[in-house]
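For our numbering, count along the sequence shown from 1 and bump the result up by 137.
Every residue, glycine too, gets a C-beta built ideally from N, C-alpha and C.
Just below is one structure, and these are the notes that go with it.
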Amino acid sequence: MTSYPHVRDALHDRLLTPQNAAVVIIDFQPVQVSSIASRDKRQLVANITALARITRLYGLPTVLSSVNVATGRNQPLIHQLTDVLPDVPVVDRTSINAWEDQDFVSAVKATGRKKLVMAALWTEVCLVHPALDALAEGFEVYPVVDACGGTSLEAHDAGLERLFQAGAQPTSWVQLICELQRDWNREATVPGFTEILFAVEGH
Numbered sequence: 138m139t140s141y142p143h144v145r146d147a148l149h150d151r152l153l154t155p156q157n158a159a160v161v162i163i164d165f166q167p168v169q170v171s172s173i174a175s176r177d178k179r180q181l182v183a184n185i186t187a188l189a190r191i192t193r194l195y196g197l198p199t200v201l202s203s204v205n206v207a208t209g210r211n212q213p214l215i216h217q218l219t220d221v222l223p224d225v226p227v228v229d230r231t232s233i234n235a236w237e238d239q240d241f242v243s244a245v246k247a248t249g250r251k252k253l254v255m256a257a258l259w260t261e262v263c264l265v266h267p268a269l270d271a272l273a274e275g276f277e278v279y280p281v282v283d284a285c286g287g288t289s290l291e292a293h294d295a296g297l298e299r300l301f302q303a304g305a306q307p308t309s310w311v312q313l314i315c316e317l318q319r320d321w322n323r324e325a326t327v328p329g330f331t332e333i334l335f336a337v338e339g340h
């Protein structure tokens, strides 16, 4: 039992912490979910729901965004997300690239965090475009690769590869929750940690 008595500086840690990261979830709407061909759709919804539960458990600032709801061209975010995060406002846009929407960029910057954990549909468009812009503006971007999906496996993989070449750092929702928890001695979040982790991964 030799954990260090003092926790590392959570604000300036090179790893992700509840104090230095924000979560950005873009365009998880019924039409987009139904068009995914790179991953099983039920698994995709389970994974993005796990990500939402992680953000709530660890209190990460969260930005939710949809496209074309106000115009009547699209449906709102799937209820699995809004059920978990009912108090998080949804930034609706007309721009395909969320970074070209002023309200969205303002919401991201208002979190005060430079490490952005991002998930979006589709990977090759609604993740890649704003992530590239965020990287160009000095943010660190962490795509949650198993909570994103593309119109084909090739499109999904090509989108991620483009981001990695630009400096994004891949993660998964399991890697993320373990990175945020870090130590079993942080007892306040242990029950939620085990519930989220084993609800999907099993015992």
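Residue i versus residue j: straight-line alpha-carbon distance, rounded
{"i": "residue 297", "j": "residue 277", "result": "15 Å"}
{"i": "residue 292", "j": "residue 262", "result": "9 Å"}
{"i": "residue 309", "j": "residue 319", "result": "15 Å"}
{"i": "residue 301", "j": "residue 255", "result": "13 Å"}
{"i": "residue 280", "j": "residue 236", "result": "16 Å"}
{"i": "residue 322", "j": "residue 316", "result": "14 Å"}
{"i": "residue 150", "j": "residue 243", "result": "24 Å"}
{"i": "residue 154", "j": "residue 172", "result": "33 Å"}
{"i": "residue 222", "j": "residue 325", "result": "20 Å"}
{"i": "residue 119", "j": "residue 258", "result": "The requested residue 119 does not occur in the structure, where the chain is confined to residues 138 to 340."}
{"i": "residue 178", "j": "residue 143", "result": "42 Å"}
{"i": "residue 191", "j": "residue 250", "result": "17 Å"}
{"i": "residue 305", "j": "residue 200", "result": "19 Å"}
{"i": "residue 284", "j": "residue 184", "result": "5 Å"}
Three-way DSSP call (helix, strand, coil) for residue i in this model
{"i": "residue 201", "result": "strand"}
{"i": "residue 173", "result": "coil"}
{"i": "residue 229", "result": "strand"}
{"i": "residue 194", "result": "helix"}
{"i": "residue 268", "result": "helix"}
{"i": "residue 275", "result": "coil"}
Identity of the residues DSSP links to residue i by a beta bridge
{"i": "residue 281", "result": "308"}
{"i": "residue 162", "result": "201 and 256"}
{"i": "residue 286", "result": "258"}
Cβ-Cβ separation, residue j to residue i (assumed contact under 8 Å), whole Å
{"i": "residue 166", "j": "residue 211", "result": "6 Å"}
{"i": "residue 203", "j": "residue 238", "result": "11 Å between Cβ atoms; not a contact."}
{"i": "residue 333", "j": "residue 159", "result": "That belief does not hold up - the Cβ atoms of residue 333 and residue 159 are roughly 19 Å apart, past 8 Å."}
Status (buried if at least 16 other CB within 10 Å, exposed otherwise) for residue i
{"i": "residue 340", "result": "Unreliable placement is indicated for residue 340, whose pLDDT of 45 sits below 50; the coordinate value is still reported in the next sentence. When all chains shown are included, residue 340 counts as exposed."}
{"i": "residue 266", "result": "buried"}
{"i": "residue 157", "result": "buried"}
{"i": "residue 331", "result": "exposed"}
{"i": "residue 252", "result": "buried"}
{"i": "residue 230", "result": "buried"}
{"i": "residue 209", "result": "exposed"}
{"i": "residue 168", "result": "exposed"}
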